[in-house]
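K.L.:
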Amino acid sequence: EAGVAQSPRYKIIEKRQSVAFWCNPISGHATLYWYQQILGQGPKLLIQFQNNGVVDDSQLPKDRFSAERLKGVDSTLKIQPAKLEDSAVYLCASSASRDNWSSPLHFGNGTRLTVT
Amino acid sequence: AQSVAQPEDQVNVAEGNPLTVKCTYSVSGNPYLFWYVQYPNRGLQFLLKYITGDNLVKGSYGFEAEFNKSQTSFHLKKPSALVSDSALYFCAVRDINNAGNMLTFGGGTRLMVKP
Numbered sequence: 001e002a003g004v005a006q007s008p009r010y011k012i013i014e015k016r017q018s019v020a021f022w023c024n025p026i027s028g029h030a031t032l033y034w035y036q037q038i039l040g041q042g043p044k045l046l047i048q049f050q051n052n053g054v055v056d057d058s059q060l061p062k063d064r065f066s067a068e069r070l071k072g073v074d075s076t077l078k079i080q081p082a083k084l085e086d087s088a089v090y091l092c093a094s095s096a097s098r099d100n101w102s103s104p105l106h107f108g109n110g111t112r113l114t115v116t
Numbered sequence: 117a118q119s120v121a122q123p124e125d126q127v128n129v130a131e132g133n134p135l136t137v138k139c140t141y142s143v144s145g146n147p148y149l150f151w152y153v154q155y156p157n158r159g160l161q162f163l164l165k166y167i168t169g170d171n172l173v174k175g176s177y178g179f180e181a182e183f184n185k186s187q188t189s190f191h192l193k194k195p196s197a198l199v200s201d202s203a204l205y206f207c208a209v210r211d212i213n214n215a216g217n218m219l220t221f222g223g224g225t226r227l228m229v230k231p
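Protein chains in written order, with this note's numbering: chain R, 1 to 116; chain X, 117 to 231.
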């Protein structure tokens, strides 16, 4: 099966600019996650979708970050305006079913964002 | 709140020797536990998980992990390390008793296997 696809792989922007990341999960996976991985740290969950609904966005900085999954498949994560501390790798992951919490997550290769 | 601790930033081992990467966790209920590996410029790859049953679980690439409820640990092990095992390893926990709970990752341990 095809894996989780993310684009772009790299992005460099200046602070206060906006940026968007795209994710296409594994076909048939209902649950989609966006994680932020700062260099030297473990991934931190930003938002979790079940189909096109938000399950958990408690750690999403909503004043500048937004995410959507309009048709329950692809998702976009946006940052507007970006700050220096947003420099990180943004990982998208998907899993087969929210009701089966034992399902492992399948990760994309991530988008490395550098804010200057 | 649930948490994961990986006390070693880096583990060094010689090729052919056994390796252990340590993980301890804290949850209010019962845990689902996972290990993931991350190679440079790649996303995380699933290695193995503990859900229930045998405390020793086997996963990909010859890795195994032992669940110890009394010590709240889930250490990753391999009997004979390969240079190609060098990567970043993450332990993660999910509290199965909390509806809508998130998967929480540890800070990661870099494994260096030297020839």
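No residue lacks a Cβ here, since even glycine has one placed at the ideal position from N, Cα and C.
Just curious, the beta strand (DSSP E) that asparagine 128/X is in, first and last residue?
P.N.:
Where asparagine 128/X is concerned, the enclosing beta strand (DSSP E) stretches over 126–130.
K.L.:
Considering only the alpha carbon of each residue, which of Glu14/R, Leu91/R and Lys71/R lies closest to isoleucine 38/R?
P.N.:
It is Leu91/R whose Cα lies nearest to the Cα of isoleucine 38/R.
K.L.:
Could you tell me if the beta carbon of lysine 185/X falls within a distance shorter than 6 Å of some heavy atom in the ligand ADP?
P.N.:
This structure lacks the ligand ADP; in fact it carries no ligand of any kind.
K.L.:
Quick one: complete beta strand (DSSP E) runs, 3+ long, within the region 153–179 of chain X?
P.N.:
Segments of the beta strand (DSSP E) lying fully in the region 153–179 of chain X: 160–166 and 172–174.
K.L.:
Reducing DSSP to helix, strand and coil, say where glutamate 14/R ends up.
P.N.:
The answer is coil: DSSP assigns glutamate 14/R none of H, G, I, E or B.
K.L.:
CA-CA distance, valine 143/X and aspartate 211/X?
P.N.:
If you take the alpha carbons of valine 143/X and aspartate 211/X, they lie about 6 Å apart.
K.L.:
For the region 183–200 of chain X and the region 160–174 of chain X, state whether three or more C-beta atom pairs, one from each stretch, are separated by less than 8 Å.
P.N.:
Contact holds: three or more Cβ-Cβ distances are below 8 Å.
K.L.:
Between the C-alpha atoms of isoleucine 13/R and valine 89/R, what's the straight-line distance to the nearest angstrom?
P.N.:
If I take the Cα positions, the gap works out to 14 Å.
K.L.:
For the beta strand (DSSP E) that contains asparagine 24/R, what are its first and last residues?
P.N.:
19–24 is the span of the beta strand (DSSP E), which, as asked, contains asparagine 24/R.
K.L.:
Below 9 Å between beta carbons is the criterion; list the residues of the region 147–158 of chain X that meet it against any residue of chain R, in chain order.
P.N.:
Within the region 147–158 of chain X, the qualifying residues are Tyr148, Phe150, Tyr152, Gln154, Asn157 and Arg158.
K.L.:
What does phenylalanine 206/X touch in chain R if you count any residue whose Cβ is under 7 Å from its own?
P.N.:
Under the 7 Å cutoff, chain R gives Gly42.
K.L.:
For the structure I just gave you, are there three or more beta carbon pairs, one from the region 55–72 of chain R and one from the region 128–143 of chain X, closer than 8 Å?
P.N.:
No, because fewer than three Cβ pairs between the region 55–72 of chain R and the region 128–143 of chain X fall closer than 8 Å, the two stretches do not touch.
K.L.:
For proline 231/X, I'd like the list of residues in its chain whose CB is within less than 7 Å of its CB, leaving aside the five on either flank, ordered along the chain.
P.N.:
Cβ within range, chain order: Glu131 and Val199.
K.L.:
Under 8 Å by Cβ, that's how I've got leucine 113/R and serine 95/R pegged, so tell me the actual separation to the nearest angstrom.
P.N.:
No, leucine 113/R and serine 95/R are not in contact; Cβ-Cβ is about 24 Å, not under 8 Å.
K.L.:
How would you write the range of the beta strand (DSSP E) that arginine 210/X sits in, first residue to last?
P.N.:
First-last of the beta strand (DSSP E) with arginine 210/X: 203–211.
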